[in-house]
Each structure stands twice: as structure tokens, then as C-alpha cells.
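Under this note's numbering, the sequence shown has 77 at position 77, and the numbering climbs by one with no breaks. All residues carry an ideal CB built from backbone N, CA and C; glycine is no exception. To start, the structure under review is shown below, and the notes come after it.
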Amino acid sequence: MEAQMDMFITPEIRTEIIKIVDERIREAHVTKEDFSELKAIVRQIAVSVQELAKAQAELAEAQKRTEARVEQLAKAQAELAEAQKRTEAKVEQLAEAQRKTEEEVRTLAIGLNQLREHVGGLDRSFGYAFENQAYRMLPKFLKERHGIEVKDRFIRAEIGGKEVNFFAKAERNGKEIYIVGEAKTRLDNRKKEKDPFKELEEKVAAVKSEYGEDIEIVRLLVTHFARKGFLKKAEAKNVMVVQSYEW
């Protein structure tokens, strides 16, 4: 049988058959390599898909965290807005309280000014009452204690632009003199207030400007109480001090 086949297959046909078989084998080999490459590509795609899925999951988780953070921020913003409202309300309350306080302070200031005016009026009234009492008592006291006889009654007068509490013409040892005096409730050299000696000298200068520089003036301070230190200072300045308990 084989011998018969060999009789029909020429060398040329054999060669062609071998070529065809080799070609088929090569084609089968190429297809297998392509399939292997395809499998590798599929595996890579699978890995990429897995990585993509993982990244997508991570992105979804990050999105959840972002949304949670946004919710927290929204809540914080709402709380901040509410706190701002409370702060504004508190500021309004404080502003209203400030306005009320300022109004009360103005009312108190008005009341204080009125009280000062009232006290000042009482002080002036008391001062005038004390001076009026001294007007009545001084003439006798000065005559008995100092040999000074008041010719005219004591008066309160404005002389040379100055208010003089005690002013009178008098006589001592047959010589005309002028009495210029001031009334003070209390004389204390320790108190920081206007110097009564300086104030008295201003009144003396005003009287001399009206009645002449060569007139003799007796300087007088009338008070309810004078401290010993002040009395010594007055004696050194040749100023007569009369305390109300003396008359």
C-alpha cells in the first residue's frame, strides 16, 4: 500500500506537502503565542481593574470623609452664626445698659451740681449769718480788748473790685484807723487752700487804692476756731485774729 502511495507522490508533491504542513505548524505556533499574550494582557487588565476598584473604593471612602467634614463645618458654621447672634444681642444689651448708665450719670451729675449749689447756698448763708453776728459783737470786743472804737458800724462792701467782709472806720489812741477783715469758719495752717493772709492783703491793697496809701489799717481775721500754729503766724504778720468764743 505504501509502495503504491509512493508511486503516486512525486518528490515535488512531497515537498509541497511538507511546506503546507510546516506552514500549518507555524500558524498553530503563532496562534498559541498570541493566545498567551492575550492571556497576559487579560491578567494585566484584571489587575488594573482591581486597582481601579480599590482606588474607587478609597475615593468613595475619602468622599464620605469629605462629606462628614463638610457636615461638621456646616454644623460649626451654624453654631458660629448662632453664637454671633447671641454676641450681637449681648452687645445690644450692653449698649442699652451703657445708655442707661450714661443717663443715670447725667442725672447724678445734675443732682450733684444742684447739691453743690444747695450746699454752697447753705455755706454762704452760714457765712453771712456768722458775719452778721460778728458785726454786732466786734465793736464792743475791740473796744474792751484792744482799745479800738468803731466810729461807724461794720459793713460788707465792694472796694476796689474786691468784696471786703469787714470794713469800718475806727479810732485808736485818738488816731483814725481803718479796719479791714475777712471771715473764715476755720483757720488752719495745715490745710491746702487759698492763703488767708494773701487774700487779706489783696483786700488791704484794694482799700488803700480807694482811701490812700498812707492810711493805717488794722488787719482782722474772724473765725470760729484757729489752730495755735496759725495764731503764731498771724501774730508774726501783725494780723488780729478774733475767735467767736471770745466775744
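- With 16 or more neighbouring CB atoms inside 10 Å of its own CB, isoleucine 148 falls in the buried class.
- Per DSSP, the unbroken beta strand (DSSP E) holding phenylalanine 167 starts and ends at 162-172.
- Shown here for lysine 175: same chain residues with a beta carbon closer than 8 Å to its own, the five before and five after excluded, namely Glu216 in chain order.
- When the Cα atoms are used, isoleucine 159 and leucine 112 turn out to be separated by approximately 34 Å.
- Under a 10 Å Cβ-count criterion, isoleucine 179 is classified as buried, with 16 or more other Cβ atoms of the shown protein chains found around its own Cβ.
- Judged by DSSP in its simplified three-state form, phenylalanine 225 adopts strand.
- Leucine 200 is positioned such that its CB atom lies no closer than 8 Å to that of valine 241.
- Between the alpha carbons of alanine 74 and valine 91 lies a distance of about 25 Å.
- A Cβ-Cβ distance of about 11 Å is found for the pair phenylalanine 154 and phenylalanine 141, leaving them out of contact under the 8 Å criterion.
- According to the DSSP assignment, glutamate 202 belongs to the alpha helix (DSSP H) that extends over 196-211.
- Put simply, of Val47, Asp214, Arg190, Tyr245 the residue whose alpha carbon is nearest the alpha carbon of lysine 228 is Arg190.
- Straight through space, the alpha carbons of lysine 237 and phenylalanine 230 are spaced by roughly 11 Å.
- Under the three-state reduction of DSSP output, glutamate 176 falls in the strand class.
- Between alanine 134 and valine 222, the CB-CB gap stays under 8 Å.
- Ranked by Cα distance from proline 139, the options Asp195, Gln93, Leu220, Glu210 are led by Leu220.
- Short of 7 Å from the beta carbon of valine 204, and not among the five residues preceding or following it, lie these beta carbons of its own chain, in chain order: Val180, Ile217, Arg219.
- The alpha-carbon separation between alanine 76 and arginine 116 amounts to approximately 57 Å.
- Beta-bridge partners of lysine 64 (DSSP): none assigned.
- In this model, alanine 170 and lysine 143 are separated by some 10 Å (Cα to Cα).
- A Cβ-Cβ distance of about 39 Å is found for the pair glutamate 104 and alanine 183, leaving them out of contact under the 8 Å criterion.
- Counting only residues of its own chain and dropping the five nearest sequence neighbours on each side, lysine 162 has a CB closer than 7 Å to the CB of Glu202, Lys203, Ala206.
- In the three-state reduction of the DSSP assignment, isoleucine 159 falls in the strand class, which pools E and B.
- DSSP places threonine 10 outside both helix and strand once states are collapsed to three, so it counts as coil.
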